[in-house]
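What follows is a set of notes on a single structure, which appears directly below.
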């Protein structure tokens with residue numbers, strides 16, 4: 037409910053509807069004021085004078101006290117009503133005639149003892165010798181006043197219908213904005229395959245077409261970048277192999293080990309680039325199988341030359357997970373490597389927590405040491421993004437590890453988040469389980 041209220045509150049269509057409704061209220065109020073001014077100030081005195089004249093004529097015709105037979109014929113023929121109240125005699129033309137006390141009408145401006153005006157119709161109270169007459173010239177469903185009310189109601193109803201159709205038309209005219217909003221949201225989330233199409237040829241249609249062309253251009257630029265990285269990575273493999281062979285022929289010295297370490301880093305970078313591209317390729321899909329979680333974690337730690345006691349992990353659930361063993365190993369390896377690299381290198385500075393809940397597996401890797409600034413957190417999964425803008429060798433790799441980890445997680449229908457904690461960083465990996 038709160039979500040709906042918030043959506044309506046910030047909706048452009050809701051604001052347009054409110055503007056129309058306010059315009060309708062203003063129009064109705066001005067019409068009512070105009071009606072009151074016309075009837076009460078301009079036309080009312082004339083109507084009051086004519087009503088009193090007609091009432092006097094009727095009293096002259098029926099007499100005082102009234103001749104009931106003549107009064108009945110006259111009121112029936114003119115579709116009017118009459119009530120008389122005297123000292124010793126009272127009479128009414130019909131049972132529907134209201135009592136004197138039920139009618140509240142103003143004084144006649146030329147004779148205050150006479151009253152004439154609108155109250156459930158047009159009435160005149162005319163005092164006479166030894167009594168008074170109440171004459172109903174029009175009932176509440178007749179006359180100018182009633183017609184003015186009907187015109188007001190009709191105008192209000194027509195205005196509502198017009199506003200409804202205008203709102204539908206404006207909603208249709210602004211429909212491309214919704215399509216554009218959906219396209220922008222998908223673009224912000226990295227979904228470049230979302231297609232925004234429209235048959236409109238107006239300004240909004242041109243805007244959507246331009247947006248679609250922009251997305252296509254971005255896709256082409258990203259593909260060109262990926263192709264360049266892939267080609268460069270492939271081309272580097274052969275020279276690196278020749279350098280490694282030549283390096284083996286050198287005698288052992290500090291320079292040899294330093295060059296060998298540099299070559300190893302380049303090979304890791306090339307492997308991560310190729311692995312990322314392989315995951316994006318339709319021909320590089322994952323090979324899913326049932327993997328024992330404990331074996332996967334222990335083998336990853338063994339490859340990194342880390343024991344379970346060094347990073348503080350135990351009580352690994354004896355469960356199975358369905359996934360690509362090689363890619364999941366890369367995923368855990370990248371997370372653990374980052375945790376160790378950016379820790380304070382003290383005992384128990386890295387901790388792994390493994391939790392199992394229903395059909396989900398959660399692996400939490402925390403370290404004490406260097407935390408990630410808040411302004412860098414939204415970008416840490418971007419390829420080649422590094423917190424250290426100087427990009428020195430001592431501060432880390434090439435910015436591909438977390439990007440690859442995120443891609444592998446998504447391919448396994450999981451979720452990976454990185455957050456800064458007090459004096460450190462926490463990585464939370466969630467994956468679906470497959471119990472056997």
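Numbering (my numbering), first residue to last: 37 to 472. Cβ atoms here follow ideal geometry from the backbone N, Cα and C, with glycine treated the same way.
For a cutoff of 8 Å on Cβ pairs, would you count residue 405 as touching chain D?
The chain labelled as chain D is not found in the depicted structure, where only one protein chain is given.
Which class does residue 458 belong to by DSSP, given the choice of helix, strand or coil?
Translated into positions along the chain shown, residue 458 becomes position 422. Residue state, collapsed to three classes: coil.
Can you find at least 3 beta carbon pairs, one from the segment 382-402 and one from the segment 455-472, that sit closer than 8 Å?
yes
Where do the N-terminal and C-terminal ends of the beta strand (DSSP E) with residue 153 fall, by residue?
If you number the chain shown from 1, residue 153 lands on position 117. Bounds of the beta strand (DSSP E) holding residue 153 are 147-154.
Run of the alpha helix (DSSP H) containing residue 369, from where it starts to where it stops:
The sequence position of residue 369 within the chain shown is 333, counting from 1. Residue 369 -> alpha helix (DSSP H) spans 361-377.
For residue 444, is the classification buried or exposed, using 16 other Cβ atoms within 10 angstroms of its Cβ as the cut-off for buried?
Here residue 444 refers to the residue found at position 408 of the chain shown. Looking at its Cβ environment, which holds 16 or more other Cβ atoms inside 10 Å, residue 444 is buried.
Close Cβ partners of residue 324 (< 8 Å) along its chain, the five nearest in sequence each way excluded
As a working mapping, residue 324 is identified with position 288 in the chain shown. The answer, listed in chain order, is 358, 359 and 360.
Continuous beta strand (DSSP E) stretch holding residue 215: start and end
The residue given as residue 215 occupies position 179 in the chain shown. Premise fails: residue 215 lies in the alpha helix (DSSP H), 211-224, not in any beta strand (DSSP E).
For residue 246, does the count of other Cβ atoms within 10 angstroms reach 16, so buried, or fall short, so exposed?
By 1-based counting over the chain shown, the position of residue 246 is 210. Residue 246 comes out exposed.
Could you tell me the alpha carbon to alpha carbon distance between residue 333 and residue 365, rounded to whole angstroms?
Taking the chain shown and counting its residues from 1, one reaches residue 333 at position 297. Taking the chain shown and counting its residues from 1, one reaches residue 365 at position 329. Between residue 333 and residue 365, the C-alpha separation is close to 8 Å.
Do the segment 85-100 and the segment 218-229 meet, that is, are 3 or more Cβ pairs less than 8 Å apart?
No, the segment 85-100 does not touch the segment 218-229.
Between the alpha carbons of residue 274 and residue 384, how many angstroms are there, rounded?
Residue numbering aside, residue 274 sits at position 238 when the chain shown is read from its first letter. Residue numbering aside, residue 384 sits at position 348 when the chain shown is read from its first letter. Their Cα atoms are separated by approximately 41 Å.
Below 6 Å CB to CB, which residues in the same chain sit around residue 453 once its five sequence neighbours on both sides are set aside?
The residue labelled residue 453 in the question sits at position 417 within the chain shown. Counting only Cβ-Cβ distances below 6 Å, and skipping sequence neighbours, we find 464.
Within the chosen definition, does the segment 397-416 reach the segment 362-382 through at least 3 CB pairs nearer than 8 Å?
yes
The beta strand (DSSP E) with residue 83 in it runs from where to where?
As a first step, residue 83 is located in the chain shown; it is residue number 47 there, counting from the start. Careful: residue 83 lies outside any beta strand (DSSP E), inside the alpha helix (DSSP H) at 80-98.
Taking residue 116 as the reference, give the member of 173, 169 and 95 with the closest Cα.
As a first step, residue 116 must be located in the chain shown, where it is residue number 80. Comparing Cα-Cα distances from residue 116 to each of 173, 169 and 95, the minimum goes to 173.
Decide yes or no for the touch test of the segment 118-131 against the segment 163-171: beta carbon pairs closer than 8 Å, at least 3 of them.
yes
Using 8 Å as the threshold, is the segment 230-241 in touch with the segment 201-218, meaning 3 or more CB pairs across them?
yes
Reducing DSSP to helix, strand and coil, say where residue 138 ends up.
Looking up residue 138 in the chain shown gives position 102. Residue 138 carries a helical assignment under DSSP once its states are collapsed to helix, strand and coil.
Anyone know if the C-beta pair for residue 376 and residue 348 falls short of 8 Å?
Counted from its first residue, the chain shown places residue 376 at position 340. Counted from its first residue, the chain shown places residue 348 at position 312. It is not a contact, given that the beta carbons lie outside the stated cut-off.
Name the residue from 154, 163, 129 and 94 whose alpha carbon lies nearest to the alpha carbon of residue 19.
Outside the shown range of the chain (37 to 472) lies residue 19, about which nothing can therefore be said.
Cβ-based neighbour list, residue 319, same chain, cut-off 8 Å, excluding 5 preceding and 5 following:
Locating residue 319 in the chain shown gives position 283, counting from the first residue. Summary for residue 319: the model assigns pLDDT 47, below 50, so the residue's position carries little reliability; its value from the coordinates is reported in the next sentence. Cβ within range, chain order: n/a, list empty.
Short check: CB of residue 151 to CB of residue 138, under 8 Å?
In the chain shown, the residue the question calls residue 151 occupies position 115. In the chain shown, the residue the question calls residue 138 occupies position 102. No, they are not a contact pair.
Residue nearest to residue 451 in terms of C-alpha spacing, selected from 335, 442 and 285
As a working mapping, residue 451 is identified with position 415 in the chain shown. The candidate whose alpha carbon is nearest that of residue 451 is 442.
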